[in-house]
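A short write-up of the structure that comes next.
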Amino acid sequence: MDFVDQKRRQLGRTSPEFHCFLNDLPGNDFNTVFKGLPVFYEKLKAEKGSDFGPCFIAGVPGSFYGRLFPRSSLHLVVSSTSLHWLSQVPVGLHSGTNAHLNKGKLYISKTSPPHVLRSYLDQFQLDFSTFLMSRSQEIIIGGRMVLTLIGRKSANPSSEECCFQWDLLANALMDMVHEGLIEEEKVDSLNVPFYSPSPEELMHIIEMEGSFGVNHLETIEVEFNTSNDNDDANDDTKGQQVAKSFRVVIEPMLSEHFGSGGIMDDLFYRYGEQLQEYFTHNKEAKLINVLVSMVRKG
17 MDFVDQKRRQ LGRTSPEFHC FLNDLPGNDF NTVFKGLPVF YEKLKAEKGS DFGPCFIAGV
77 PGSFYGRLFP RSSLHLVVSS TSLHWLSQVP VGLHSGTNAH LNKGKLYISK TSPPHVLRSY
137 LDQFQLDFST FLMSRSQEII IGGRMVLTLI GRKSANPSSE ECCFQWDLLA NALMDMVHEG
197 LIEEEKVDSL NVPFYSPSPE ELMHIIEMEG SFGVNHLETI EVEFNTSNDN DDANDDTKGQ
257 QVAKSFRVVI EPMLSEHFGS GGIMDDLFYR YGEQLQEYFT HNKEAKLINV LVSMVRKG
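So the sequence shown is numbered by this note's numbering: it starts at 17 and just counts up by one.
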């Protein structure tokens, strides 16, 4: 909105009306967001003047791996740090005898057999293609889509840059297995619905789907977020702070799988210690994001 407002002022035009849709899964608490809208609207008016907008904001619950909006109704779509989450755990992570193929790991690892890597890529290709196909029906010709997601630079999907966080969490879980705190079968049976693609993989899927033309694609190295509003944050190591940030995202999935046995505090403390040791020996470790901007073809 800032860019559009700046541009229309340069051109001496009246402000367009803005209609912004916020999308998340139905379990998201949209009411918390909506309660903050009056303050947001007042801030817009104070910063941009009474001739701005108006701006209307609405929530749209549902999975973005499918249609969400009427045909040709969107001018701009922005997705930030979401598309690395898959619609489901990849199929094919078990052998013909139903044995786990990725034992002791939660995600792709250097020890994962090739079939596991292929299964994860296949699921990402299916999901991302579905996302592109759905948005292509909703975005007007010439409309733009900007996506940011966790990815990797390497062509190797088991490279350390994109897998070490999951490897360390698996290590913390296996330590608890060896101490008799959780069952090994529970770890072996857990695979996260996540995939960090390379730029080349993204380009290939976009070109194969065919509805969008890419005008910008880059990888960005991001510092691991260690900010925390908690007063005790200064007493935490970087590893513990990153573990707390990670916990916010993945604890619901882990609690559903392992049950409410009270292991989460212990698990994420161990995870923080594992991360701290890793950061001590890998001071340049960064989170890799992939940014892609594309335009709906005619």
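Heads up, the beta-carbon is just placed ideally off N, CA and C, and yes, glycines get one too. Just so you know, these numbers come straight off a predicted model, no measurement behind them.
Query, Result
"Inter-stretch contact (C-beta, 8 Å, three-pair minimum) for the stretch 141–155 and the stretch 293–305", "no"
"DSSP state of L233 mapped onto helix, strand, coil", "strand"
"Bridge-paired residues (DSSP) for M269", "BP columns for M269 are empty, so no partner."
"Backbone secondary structure at D282 - three-state DSSP", "helix"
"Stretch-stretch touch, CB-based, cutoff 8 Å, three pairs: the stretch 286–300 with the stretch 81–89", "no"
"8 Å CB neighbourhood of F68 in its chain, flanking five on each side removed", "D21, S31, L60 and K61"
"DSSP state of L41 mapped onto helix, strand, coil", "coil"
"Span separating the alpha-carbon of D252 from that of S214", "33 Å"
"6 Å Cβ shell around Q139 - same chain, five flanking residues per side excluded", "L102 and P106"
"Whether S135 touches D183 by CB criterion (7 Å)", "no"
"For T164: DSSP bridge partner residues", "S96 and L307"
"Spatial neighbours of P70 in its chain, beta-carbon cut-off 7 Å, leaving aside the 5 residues before and after", "E33"
"Separation of V238 from L307, as counted between CA atoms", "12 Å"
"Whole-angstrom distance between P130 and S212, CA atom to CA atom", "16 Å"
"Residue nearest to G78 in terms of C-alpha spacing, selected from N44, P209 and S174", "N44"
"Length-filtered (4 minimum) alpha helix (DSSP H) runs lying within the stretch 49–90", "53–64"
"Whole-angstrom C-beta distance between L165 and L98, which should lie under 8 Å", "The displayed chain sequence assigns Ser, not Leu, to residue 98. Going by Cβ atoms, the distance from S98 to L165 rounds to 7 Å, so yes, they are a contact pair."
"Reference I73, options K51, C36, M192 and S88, closest by Cα", "C36"
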